[in-house]
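Protein chains: 2
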Amino acid sequence: MAKEKKFVEEITPMEVDFAKWYTDVVKKAELIEYTGVKGCVALRPYGYAIWENIQKILDEKFKELGHENVCMPMFIPESLLNKEKEHVEGFAPEVAWVTYGGSEKLEERLCVRPTSETLFCEHYKSIVHSYRDLPKLYNQWVSVVRWEKTTRPFLRTREFWWQEGHTIHATEEEARQETLQMLDVYANFCEQQLAMPVIKGVKTEKERFAGAEDTYTVEALMHDGKALQSATSHYFGDGFARAFDIQYTDKNNTLQYPFQTSWGCSTRLVGAIIMAHGDDRGLVLPPAVAPIQVIIVPVAAHKPGVLEAAAAVEARLKPICRVKTDTSDNTPGWKFAQYEMKGVPLRLEIGPRDLAENQCVLVRRDNGEKITVSLDELEAKIPELLETVRQGLYDAAYARRAKMTFSAKNFDELKDIADNKPGFIKAMWCGDRACEEKLKEEAGVTSRCIPFEQEHIGDTCVCCGKPATKMLYWGKAY
Amino acid sequence: MAKEKKFVEEITPMEVDFAKWYTDVVKKAELIEYTGVKGCVALRPYGYAIWENIQKILDEKFKELGHENVCMPMFIPESLLNKEKEHVEGFAPEVAWVTYGGSEKLEERLCVRPTSETLFCEHYKSIVHSYRDLPKLYNQWVSVVRWEKTTRPFLRTREFWWQEGHTIHATEEEARQETLQMLDVYANFCEQQLAMPVIKGVKTEKERFAGAEDTYTVEALMHDGKALQSATSHYFGDGFARAFDIQYTDKNNTLQYPFQTSWGCSTRLVGAIIMAHGDDRGLVLPPAVAPIQVIIVPVAAHKPGVLEAAAAVEARLKPICRVKTDTSDNTPGWKFAQYEMKGVPLRLEIGPRDLAENQCVLVRRDNGEKITVSLDELEAKIPELLETVRQGLYDAAYARRAKMTFSAKNFDELKDIADNKPGFIKAMWCGDRACEEKLKEEAGVTSRCIPFEQEHIGDTCVCCGKPATKMLYWGKAY
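Top line first, the protein sequences correspond to chains P and L. Each residue of the first sequence is one higher than the last, beginning at 1 in my numbering. Each residue of the second sequence is one higher than the last, beginning at 1001 in my numbering.
As structure tokens, then:
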């Protein structure tokens, strides 16, 4: 048992240092490895497998809704990036510039895409001519680069992996519908698959995506009370179409500007999973994206029949879940700690005594509950228990968020909460950007979103005291 | 029928101008679109879907053989690229250099990966310490950049999409086995899934990958008689391990250098499919990677029952193949031409007369054969016919290659064939690089590979007349 103990002790407890706990988990669960490229990480097999599972679920959903995958170039010529004024102002300061090809200096600098609106606009300009060409519902799975100063695995790295959907429509109504539909896809994915409750809402003008008319977001609350923007969906109106001169002829043979959207989520979601569900023993994975859903640990593996029984159980479970047996010569205790660190939702222990009773023991990663199950009932019980784990994770995260969500009626109340109670703060706002800036400077919180589900906290702005009609979520954020 | 005719006439016939035919197909089948980034293309939905199908089949096979997906950064610091001498000499002249992050000049230039051996070596150095850590069987699906002067969609673009496998092993034997195993994976995929016969062999020293001890290749023959290197698999020995100082302690606690491999294939395969199977009516897709395997075209769609029957057939076929119905108001003739252009393997025509007879007509894209099938037998007949198309494509490509493969005993014979008969030339070689260079300069052919299946064409080198033991495939290549 010495080994097990040592292993567990190596993680910094959350309460001691949350940031250190986070990087410990990321490293010890073997999700990433640092590289010689500053601010860029390597995704290791276990980390990449989580991302692959996220991709698979979302990609299927996108396609079900009529989207098609494409791939634009990774480079954007400087002149193309410059075409939409707000957009370039938002991104130019943080892009990586390619200036040489081999030993030759390029005539025009190319940036490595920080996002691909400009490339999609150029593409749409060349393929969209008539109302018959609309809508185009495209998506791509790629990595993008933003030259951040401070980086952290999954949460903010110079290169990160994401999907970016880019759609173009004949009417504003259709584009608006698409924007909200995709926000719902993300919200449902977060809540149902990642077991992570989210607040759906719209960003204030200050927090909007560069070039968007409206930016919608899903915001989740992490263990330490900080908010994490988990996905965004943008409505562009016809602003990009006008900047890039994309026009189509409608049914009456009149030239019209089309309407656009974009929407995306990234490997940040892996960071969200870690911080929404993890504990002091490591990662806790929602079953839908866990690379291993059930880990079989043979106990007293040298005793006759144990390994054979484990293999038989694995063979039976293979068609219904992602299952693995650890037959290595490490002790069961070491294995328990190892797969707890890796967040495997269910551990299945099987030893000589279990065999004698025709049963096995299942242990939930989320709350440690042990359930004895007859071997005859395995195929029915495992999916049931995986769903129980999912629901358990969701309920725990939901309860935690409820406990960490506060209301403030005036500046002093808000400042007091911001200083002493980590979490979301619900408060009214007059709509004035100056108040937003003041709250950021003086209370250290930013507006997370104007939630769709409004509540009436009071009649006046939490900051200036003027009449207010909108309730906002405020918080510290990643 | 006017529309149909016009559509077909828009493609340049192969015989008139093969290069023009190729780019016509690529554009008109909507596989790619040119972009404002010189030498870079956008993969459109239909082109990307072919690549997705390729990815899916290969990824499954890789995983079945124990490989895991990872993702390394897209940038390589100059000092890291410089660590292996031959490797840097091979790639440095054609890389894109990032020199600025935002407005700040980088202390060290970063190149956009042209291939990732150096990044994997750095990674292995940090995670491989003991024999227990070996082997690592990694793969990544990414895009890479090589600053080519002349580019062509799929065949040679500055950015292209590929997978690169990188493995590290305790012994030379294991690494050599891996290298050959992966070559077989590619060869089987090309022959069985892409219906494209390939020659398996090893490259000469001159044609070897920069830094490899041995480069294995699968070479396919295109319609115009040019060879296309379809995938490669490299054995590195311990050269990279020594250059990057990767060592592990073996079971006897002694430090050892591990052995490495890498292997890859790319979106070039889409180019290979086009040029191996296409014809003057457009693309011809092997069923395994066709985004649409069966296109249903209702005939006299306004007649009662036709659209309903088409929908019923689609519903029945959905579980067994990728099927789509074109219910647009274009004429059947236009649709026929359209889906021939897109290379859909089977067309299913259904009209009032068919309904009366409880049948439909299936038309093979590869040879135009029409088969009347009872509606009762559809589920059995479609998979059978898709397999027939695959076999038909393979047989046609095989016969074409046989007709276009020649033998030469001396320089004059070889030169005559090279000048007048497009295709492969089998000829003996003494092993001297000077002869290879002379054949390239004076006959315009390069060595494609030393095939595993050797034949005895003669006793002397086709170039210098000295004794020779190896038979090589020579040819013009993409």
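All residues carry an ideal CB built from backbone N, CA and C; glycine is no exception. It should be emphasised that the depicted structure is a prediction, and the values quoted were computed from it without experimental measurement.
Problem - Interface residues of chain L facing G90/P [CB-CB closer than 9 angstroms] - result: Taking a Cβ-Cβ cut-off of 9 angstroms, G90/P has no neighbours in chain L, whose nearest Cβ is about 12 angstroms from it.
Practice task
Check Y1478/L in the structure and name its three-state DSSP category.
Solution key: Here Y1478/L carries a coil assignment [DSSP, helix/strand/coil].
Handout entry: Close-in-space but distant-in-sequence residues of the same chain around I1494/L (CB under 7 angstroms, 5 per side omitted)
Key = In the structure displayed, chain L extends from 1001 to 1478; residue 1494/L sits before or after that span and is not available.
Practice task
Use the C-beta contact count for A1399/L: other C-beta atoms within 10 angstroms, 16 or more gives buried, fewer gives exposed.
Solution key: By the 10 Å Cβ count, A1399/L comes out exposed.
Practice task
Step through the CB atoms of chain L and report whether any lies within less than 8 angstroms of the CB of N252/P.
Solution key: Not an interface residue.
Problem - Secondary structure of P1298/L, DSSP reduced to three states - result: Residue state, collapsed to three classes: strand.
Exercise for the section: Would you mind reading off the limits of the beta strand (DSSP E) that contains F75/P? Expected result: Element bounds for F75/P: 75 to 77.
Practice task
Starting from the C-beta of T1460/L, find all residues in its chain whose C-beta is less than 7 angstroms away, skip the five residues before and the five after it, and write them out in chain order.
Solution key: Within the same chain, and ignoring the five residues on either side of T1460/L in sequence, the residues whose Cβ sits closer than 7 angstroms to its Cβ are M1428, K1466, P1467, A1468.
Problem - Residues in the segment 59 to 86 of chain P having any Cβ partner in chain L nearer than 7 angstroms - result: Interface annotation for the segment 59 to 86 of chain P against chain L: E68, N69, V70, C71, M72, P73, M74, F75, P77, L80, criterion Cβ-Cβ distance under 7 angstroms.
Handout entry: CA-to-CA distance, V1297/L to G1271/L, given in whole angstroms
Key = If you take the alpha carbons of G1271/L and V1297/L, they lie about 28 angstroms apart.
Practice task
Tell me E159/P's beta-bridge partners as DSSP assigns them.
Solution key: In the DSSP assignment, the residues bridged to E159/P are V145/P.
Practice task
Tell me, please, whether the segment 301 to 314 of chain P touches the segment 363 to 372 of chain P by the rule of three or more beta-carbon pairs shorter than 8 angstroms.
Solution key: Segments in contact, no.
Handout entry: C-alpha gap between L385/P and A276/P, whole angstroms
Key = The straight-line gap from Cα to Cα measures roughly 20 angstroms.
Practice task
Pick helix, strand or coil for A1310/L, following the three-state DSSP scheme.
Solution key: Collapsing the DSSP output to three states places A1310/L in a helix.
Handout entry: Rounded separation between Q1454/L and T1012/L - CA only
Key = Each residue's alpha carbon lies about 39 angstroms from the other.
Problem - Extent of the continuous alpha helix (DSSP H) to which R1242/L belongs - result: It spans 1239 to 1244 - the alpha helix (DSSP H) in which R1242/L sits, taken as one unbroken run.
Problem - Simplified DSSP assignment, three categories, for V1095/L - result: Three-state DSSP puts V1095/L in coil, outside helix and strand.
Problem - Cα-Cα separation between L1080/L and A300/P, rounded to whole angstroms - result: A straight-line Cα-Cα distance of about 47 angstroms links L1080/L and A300/P.
Problem - Residue range of the alpha helix (DSSP H) that includes G1264/L - result: Looking at the DSSP string, G1264/L is not in any alpha helix (DSSP H); the run it does join, the beta strand (DSSP E), is 1259 to 1266.
Exercise for the section: Could you name the residues of chain P that E1052/L contacts, counting a contact when the two beta carbons are closer than 7 angstroms? Expected result: Those within 7 angstroms of E1052/L in chain P are N69.
Exercise for the section: Mark L1255/L as exposed unless 16 or more other C-beta atoms lie within 10 angstroms of its C-beta, in which case mark it buried. Expected result: By the C-beta density criterion, L1255/L is exposed, having fewer than 16 other C-beta atoms within 10 angstroms.
Practice task
Let me know the beta strand (DSSP E) ranges lying completely inside the segment 1360 to 1397 of chain L, each 3 residues or longer, listed in chain order.
Solution key: Segments of the beta strand (DSSP E) lying fully in the segment 1360 to 1397 of chain L: 1370 to 1374.
Practice task
Would you tell me roughly how many angstroms separate the C-alpha atoms of E369/P and R322/P, rounded to the nearest one?
Solution key: Cα to Cα, E369/P sits roughly 21 angstroms from R322/P.
Problem - Environment of K136/P [buried if 16+ CB atoms lie within 10 Å] - result: With 16 or more other Cβ atoms within 10 Å, it is buried.
Practice task
Could you name the residues of the segment 1092 to 1106 of chain L whose beta carbon sits closer than 9 angstroms to any beta carbon of chain P, in the order they occur along the chain?
Solution key: Against chain P - using a Cβ distance shorter than 9 angstroms - the residues of the segment 1092 to 1106 of chain L are A1092, P1093, E1094, V1095, A1096, W1097, V1098, T1099, Y1100, G1101, G1102, S1103, E1104, L1106.
Exercise for the section: Output yes or no for whether 8 angstroms exceeds the beta carbon distance between V1025/L and G1282/L. Expected result: Cβ distance < 8 angstroms, so V1025/L and G1282/L count as in contact.
Exercise for the section: Could you please tell me which residues of the segment 29 to 44 of chain P, in chain order, have their CB closer than 7 angstroms to any CB of chain L? Expected result: Going along the segment 29 to 44 of chain P in chain order, one finds E33, T35, G36, V37, C40, A42, L43, R44 with a Cβ nearer than 7 angstroms to chain L.
Problem - Selected residue, minimal CA-CA separation from R179/P, among N188/P, H166/P, C190/P - result: First, the residue type needs correcting, since residue 179/P is Thr and not Arg in the sequence shown. Comparing Cα positions, the closest option is H166/P.
Practice task
Could you tell me whether the Cβ of Y48/P comes closer than 8 angstroms to any Cβ of chain L?
Solution key: Closer than 8 angstroms: yes.
Handout entry: Buried/exposed call for D376/P, threshold 16 Cβ in 10 Å
Key = By the 10 Å Cβ count, D376/P comes out exposed.
Problem - Cross-strand partners of G496/P (DSSP beta bridge) - result: The requested residue 496/P does not occur in the structure, where chain P is confined to residues 1 to 478.
Handout entry: Contacting residues, own chain, Cβ-Cβ under 6 angstroms from F7/P (five flanking each side not counted)
Key = Because the pLDDT of F7/P is 48, which lies under 50, any placement of that residue in the model is unreliable, and the number read from its coordinates should be weighed accordingly. The residues A337, in chain order, have a CB closer than 6 angstroms to that of F7/P in the same chain once the five nearest residues on each side in sequence are set aside.
Exercise for the section: Indicate whether at least one CB of chain P lies closer than 8 angstroms to the CB of I1127/L. Expected result: Answer yes: the Cβ-Cβ gap between I1127/L and chain P drops below 8 angstroms somewhere.
Exercise for the section: For K438/P, I'd like the list of residues in its chain whose CB is within less than 7 angstroms of its CB, leaving aside the five on either flank, ordered along the chain. Expected result: C463, listed in sequence order.
Problem - Residue burial classification, Q181/P (beta-carbon count within 10 angstroms, cutoff 16) - result: Under this definition Q181/P is an exposed residue.
Problem - Span of the alpha helix (DSSP H), counted from its first residue to its last, around V1026/L - result: Under the DSSP assignment, V1026/L falls in the alpha helix (DSSP H) whose first and last residues are 1018 to 1028.
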